[in-house]
Structures are given as structure tokens and as C-alpha cells.
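Heads up: the sequence shown is residues 32 to 635, going by my numbering. Glycine included, C-beta positions come from ideal geometry on N, C-alpha and C. For reference, the structure discussed in these notes is given below.
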Amino acid sequence: MGKILLLDEHIANKIAAGEVVERPASVVKELVENSIDAGATRIEIAVTDGGLSEILIADNGIGMDEKDAQMAFARHATSKISSADDLERIGTLGFRGEALPSIAAVSRLQLRTRTRDSVSGTEVVLEGGRIQKVSETGCHQGTLIIISDLFFNTPARKKHMKGPNTEAGHISEVINKFALGYPSISFRFKSNGRVVLNTSGQEDLLDCIANIYGADFARDMLPLEAESGGVSLTGYLGKPSLSRAARSHQTVYINGRYVQDRMVSEAVERAYHGLMMTGRYPVFVLKILLDAGEVDVNVHPAKTQVRLSQPRILGEFIRNTVSEVLSSGRLISSAVFEPAETKREQDKQAIQETWNIPMGESLLREKGLSSAMVDEPDTADISDAADGPGTADRPGPQAGRYPDKGTTKEEGFPALRPIGQIDCTYIVAQGEDGMYLVDQHAAHERILYEKYMERPEDFVMTEQLLFPVTLQLTHLEAQVLNDCIIQLADLGFVVEHFGGDSFLLRGIPAGLAKGSEKEIFLDLLDYFSRNRYTITNKMLMEKFLVTMACRNAIKANDRLGLPEMESLLGQMADLRQPYTCPHGRPTLLHFPAYELEKRFKRVL
Ligand code: ADP
Ligand code: MG
32 MGKILLLDEH IANKIAAGEV VERPASVVKE LVENSIDAGA TRIEIAVTDG
82 GLSEILIADN GIGMDEKDAQ MAFARHATSK ISSADDLERI GTLGFRGEAL
132 PSIAAVSRLQ LRTRTRDSVS GTEVVLEGGR IQKVSETGCH QGTLIIISDL
182 FFNTPARKKH MKGPNTEAGH ISEVINKFAL GYPSISFRFK SNGRVVLNTS
232 GQEDLLDCIA NIYGADFARD MLPLEAESGG VSLTGYLGKP SLSRAARSHQ
282 TVYINGRYVQ DRMVSEAVER AYHGLMMTGR YPVFVLKILL DAGEVDVNVH
332 PAKTQVRLSQ PRILGEFIRN TVSEVLSSGR LISSAVFEPA ETKREQDKQA
382 IQETWNIPMG ESLLREKGLS SAMVDEPDTA DISDAADGPG TADRPGPQAG
432 RYPDKGTTKE EGFPALRPIG QIDCTYIVAQ GEDGMYLVDQ HAAHERILYE
482 KYMERPEDFV MTEQLLFPVT LQLTHLEAQV LNDCIIQLAD LGFVVEHFGG
532 DSFLLRGIPA GLAKGSEKEI FLDLLDYFSR NRYTITNKML MEKFLVTMAC
582 RNAIKANDRL GLPEMESLLG QMADLRQPYT CPHGRPTLLH FPAYELEKRF
632 KRVL
């Protein structure tokens, strides 16, 4: 007799759960996707203990009738595609028909759902994937799903969960991505009873950015919008001063789906090249819309990866668009006096109050959900929450908070008049709109860097040293040097072997300040060694020019006369990229006149 058996459906679902339901955050992701596909305009998520004890999701979408409510838990049951051809043009977030059966297989699940034209709803209760009860129930239009005791029957998976705080953090990340991807949907997320996120659903992406990352952050974002050959790009780009040490604040959507796509990230990063230090990553929210036939989303069970049919053309389009925004946008970071966190906390708290309108007893309230879910979509609650506190003192909903969309373009470098220096480090200047502080070292570094970059050949000519410098290297350094001696010669360094691991530096690049040749040389060697397998001549040259600019620039603590300051500010105005030093630090901060007036209580 043969040994192969067809697996029972429950085991098959549990196996699929292994891929689809990695942790509580994956449950939230799948369920929110379903709510979005169901056309919801409000989605509420409440979790207890990072979702390990309970996850609750309510939406005001189309709901399901009794038959569908049960069908939804059958393996590969989906209302979203009906033929293999549909797979070529996916317009919904879900399509695999796997999520509900997989989630149900590893939890206790309660579903309540009602369609618009039905007077009563359906309740389905499952345990470990088996239906325990189906009954008629009264409930709001839309769908409510409560998952308790996730992984109760898969102890091995449960053991791998991190603490509730970590899991709650993952969930929060997932919801943030949805909120940024769908500003037209109001998201409300509660963790252990505390409101963590509450978005207005008023289609304002910048407002969502402010909600998630803070108003300060939003203030330093530049709008992006472009269209070409059936592809549209929209979103916001962070000024270089917002850079991060990882790609954590990069959010990309392709046709409404949050994806992690290296090609897209790298295309954006290339446009930021020269504006931030190596090892720093730009922040951005980028939404790409293209024909559904151009993207294959059926690549991975979690659906966070896609395959594009013409990645190179898209990459070029992205890079050019981002470059254009960065070169025409004003990249000065605005200095604000208000401690941003406090302001955000206040906002959150007041929004929480707005949502917590008491209403009759229902499962929703018992479960800590807001009354807004049970009202029809056009009630006032959400828009109240959207305007929120802290806006009353402003003329318009967002006036003065962020740059107005579109107005950042075409603004040139401000005309600056120096007033003096602070700590012999920062130049205080008066500009067209308030006060500016210039970091003299960073600014001069940028000036020199652009000068060197314009005619690198003038600075990399060899100048023979009268007295050669001895370099006593480690064995490893000596090996590295052997590998890059030719590239270094191209920069103007003439090195001669002196026996063992010792070398003589006989010539140096003409632009190098005397006295620092050995340090710079070792810096470059180190850089080469760290990037041995990826380095190009161009990278090495750039690194050299950056290092040289840094060494040759005015230092912090250097006293400057007014004419020197004037000359420095004047040279800044002619720069291609005056707002950051070659490492990506800001060169100047702006304290707008209005902020000063507010601070001195001249205006309210
Ligand atoms: P998929 O999303 O891939 O179709 P799921 O297992 O996630 O598969 O869901 C199965 C089906 O259940 C969906 O196709 C949809 O018809 C229905 N469904 C799930 N969640 C909801 C919801 N929140 N509102 C309305 N229908 C839903
Ligand atoms: Mg789904």
C-alpha cells in the first residue's frame, strides 16, 4: 500500500498558518487588508498584550451574509479572484483565500458581520479552525473579528514570540504603514486600552505623517508628484537632515500595497547621493501607481514583495523625479522651539477624548471600541478628531504647521546678513524671514567640496614631499595598500615599499593641507578596506574630496571677522546644494520671524 496520504484540511491550514501567521502583527496585517478590500472607511484595531491575548478588528465595510461568513474560513475561499487570468491583474490586497482559515487554525476566533441590506448579522465562532457555532446576531454594518489566544494550539510557535511590548511594536509598525498608505481611511489603534494612533481619514497624507512621526518631522518633508507613461508617483521626501541609520523610515506602496523593494529604495537613495553621510538613509513615503498588469504580486505568501515588469525604467523615473524635488526644494531644516513630543502627546490625548463618546452597551463598547464604529460614516466624530486640539489657535486647519504643498519649489537661498558669531562656531545672520544660524564648519566644508568636485583634477596632482613620511602599517593594512596602490596614485599619493610592512609616502595630492597627509592617507586606506569589494574609483575620489574638504575647512572655534562671514554666506548662495554638508549634516537653521513673535508673545 502506498504511504502518501492527502492531508486533512485542518492540518493543511495549520501548515499554511506557519507561513502566513508568523506573529500577531501578521494577523493584524491580513485582517486590515480584508477590511480595506471590503471598502471600509474606518478601521479600528485593539490589542491586548501585544495581540498575544486578544486582537480585535472592526470595520464599516460591506460585511458578509451568513453563507459567506462561513465560506470565508474554507481553504482557498476568496471573493476576489475567480480565474487564473485574474491573477495577472490583481486590484485587491488579498487574493489567496488563505488568511482567515490560517488564522482560525491557530486561535479562537469570533466573527460578527452584517451587510448593508440585511437587518440582522451573523456570528461565527471557531476554535483551532473548527466551526463551533453559527448564529444570528444584532450588530453594526461591517465586520468585527476577535482573535483570542493566538497560537494556543501551536506551542512551538508561541514560544518564539517576543514580549508583549515588542509584539505591540510590530503591530504598530504594520498599522502605520496602512495609515500612510490609505489616508482616506480613518485608522484607530489601541494597545492595552491606550490610543496609539488615530488618523482622520481625510485624505491628507502629510497629516498622517505628522500623526505618526510628529509635526516636526512633517515640517521637513517635501511633496513629490509626477506622472509619465502611465506611471504616477506621489508622496513626500524627507530633507537630508531627517536621515536615519537604517531604512526604517522608508515606505513604498505599489498600487496601494506596502512593499519592501530594494530597487525602489536604491533609486531614491541615489538621488540623495552627496546630501547625506554614507551609512545614512533618506526617509520618504512614496506611492507608485501603475497598470496592474505591470506588477506581479503573487511572489510571496506575505505579499510584501512584488515583481515589476520594467524595473529599470521605473527606477530611472523615480531617481529623476526625486532629484528634481531635491534640487528645487528648500532643504533648510526649520528650527522650532516647541518640544514636539509634548505637543503630540496632547494631540493624542485630546483625540482620545473625542473618540470616547459613551454609548449604549454593546459588544463594541465592552471591547473598548468607539461608538463611531456603529454610526453611519457621515457622523461628526471623525472630522472632529481630525481637526483636533491645537488647531483652534490657527487660522486654517494646518496653516503654519508644514510647508504648504507646492510652495517649497523655486525658492532660492535666502539673502543673509551676518550679525556675529556664537561660541566662534555658529554665524548668526538676519534673513528675509527671521533669524538664521549657520554652522561655519559645515558650510565651509560644503563650499570646498563643491569646488573640488567641479575640477577634481586640479587637486589630485602630485606634489613631491621634500621629506617623505614613513608609514608603519599593520600587516593587514599593508595587504590592503598593495591592492589599492594604483587607485591611490590616481589621487596623487606616491607610495614606495620600504621593507616589511613599512612604506614611504613620497608625494601627496596638491590640494592637501600639510601636516594632515598621514591621517588622510590612513583614513582612505581604512575606507578602502571596509568597502573593498564594492568600491569604485569614483567612490574613492569622492571620499578623498570629502575628507580634504573637512580638513581644509574653517573649524568650530575659529574666530571670524564680519567680512569673512559675509564672504562665507555669499559663497553659500552660489552652491548647488547649500543646505547640508557633504556628510549630510545641516549647514543652516532657520528661526522664522513668526516663531520669534510667537515666542515673545507679540502674536498669539
Ligand atoms: P482573501 O483576502 O485572500 O480573499 P481571506 O481568507 O483573507 O482571503 O478572506 C476570505 C474572504 O472572506 C474574502 O475574499 C472576503 O470575501 C471575505 N472577508 C474577509 N474579511 C472580510 C471583511 N472584513 N469584510 C468583508 N468580507 C471579508
Ligand atoms: Mg485577505
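Between residue i and the rest of its own chain, which residues show a CB-CB distance below 7 Å, the 5 nearest in sequence each way excluded?
i, result
"Ala277", "Tyr312"
"Gly615", "Pro271, Ser274, Leu306, Met307, Met308, Arg311"
"Ala323", "Arg120, Ile121, Gly122, Asn286"
"Gly169", "Ser151, Gly152"
"Gly70", "Gly92, Ile93"
"Gly451", "Val459"
"Phe575", "Leu522, Leu555"
"Leu543", "Ile551, Met579"
"Ala43", "Arg106"
Could you give the C-beta distance for residue i and residue j, rounded to a whole number, given that I count them as a contact under 8 Å?
i, j, result
"Pro540", "Phe524", "7 Å"
"Val205", "Val59", "5 Å"
"Asn184", "Val155", "Wrong, their Cβ atoms sit about 18 Å apart, outside the cutoff."
"Pro55", "Glu198", "5 Å"
"Leu519", "Glu527", "Incorrect: roughly 12 Å between the Cβ atoms, too far for contact."
"His41", "Gly160", "5 Å"
"Leu357", "Leu237", "The Cβ separation is near 18 Å, so there is no contact."
"Asn207", "Ile243", "5 Å"
"Tyr467", "Leu620", "7 Å"
"Glu75", "Arg219", "5 Å"
"Thr146", "Asp96", "6 Å"
Does residue i come out as helix, strand or coil in the three-state DSSP assignment?
i, result
"Ala277", "coil"
"Lys164", "strand"
"Asn214", "Looking at the sequence shown, residue 214 is not Asn but Pro. Looking at Pro214 - three-state DSSP - the assignment turns out to be coil, as it is neither helix nor strand."
"His528", "strand"
"Asn65", "helix"
"Arg616", "coil"
"Arg54", "coil"
"Thr197", "helix"
"His191", "coil"
"Met95", "coil"
"Met466", "strand"
"Phe575", "helix"
"His171", "coil"
"Leu497", "strand"
"Gln602", "helix"
"Arg522", "Strictly speaking, residue 522 in this sequence is Leu, with Arg absent from that position. Helix at Leu522."
"Ile566", "coil"
"Tyr457", "strand"
"Ser359", "helix"
"Tyr625", "helix"
"Val78", "strand"
"Val156", "strand"
"Thr352", "helix"
"Gly49", "helix"
"Phe183", "coil"
"Ala587", "coil"
In its own chain, which residues sit with a C-beta less than 6 Å from the C-beta of residue i, not counting the 5 before and 5 after it?
i, result
"Tyr284", "Gly212, Lys318"
"Gly128", "His107, Ala108, Thr109"
"Ala298", "Gly346, Ile349, Arg350"
"Glu325", "Ser340"
"Leu140", "Leu157, Ile178"
"Pro332", "Glu50, Val51"
"Pro445", "Gly462, Glu463"
"Arg338", "Asp327, Val330"
"Leu255", "Gly266, Leu268, Val356"
"Leu131", "Ala103, Phe104"
"Ser414", "Per-residue confidence for Ser414 stands at a pLDDT of 34, beneath the threshold of 50, marking its modelled position as unreliable; the derived number appears in the next sentence. Same-chain partners within the cutoff: there are none."
"Arg188", "Phe182"
Which residues in the same chain as residue i place their Cβ atom closer than 8 Å to its Cβ, once the five residues preceding and following it in sequence are excluded?
i, result
"Pro594", "none"
"Gln503", "Asp532, Ser533"
"Gly194", "Gly81"
"Leu38", "Ile46"
Report whether the distance from the Cβ of residue i to the nearest heavy atom of the ligand SAH is below 6 Å.
i, result
"Lys111", "With respect to the ligand SAH, the structure offers nothing, as its ligand set consists of the ligand ADP and the ligand MG."
Looking at chain C, is there any beta carbon in it that lies within less than 7 Å of the beta carbon of residue i?
i, result
"Ile453", "Of the protein chains in the structure, only one exists, and it is not chain C."
Within the structure, which residues are defined as neighbours of the ligand MG by a Cβ-heavy atom distance below 6 Å, reported in chain order? Any heavy atom of the ligand MG counts here; residues with a Cβ closer than 6 Å to one of them, in chain order, are Glu61, Glu64, Asn65, Gly125, Ala130.
Residue ranges of each beta strand (DSSP E) within the segment 253-339, 3 or longer: Every unbroken stretch of the beta strand (DSSP E) spanning 3 or more residues and falling wholly within the segment 253-339 is given here in chain order: 262-269, 281-285, 288-290, 315-320.
Continuous beta strand (DSSP E) assignments of at least 3 residues falling wholly in the segment 108-140: With a minimum length of 3 residues, no continuous beta strand (DSSP E) run stays inside the segment 108-140.
Every unbroken alpha helix (DSSP H) inside the segment 540-564 [4 residues or more]: Every alpha helix (DSSP H) stretch that sits fully inside the segment 540-564 and reaches 4 residues is listed by chain position as 548-561.
List, from N- to C-terminal side, the beta strand (DSSP E) runs of 3 residues or more that fit wholly inside the segment 202-252. If we require 3 residues or more, the beta strand (DSSP E) runs fully inside the segment 202-252 come out as 217-222, 225-229.
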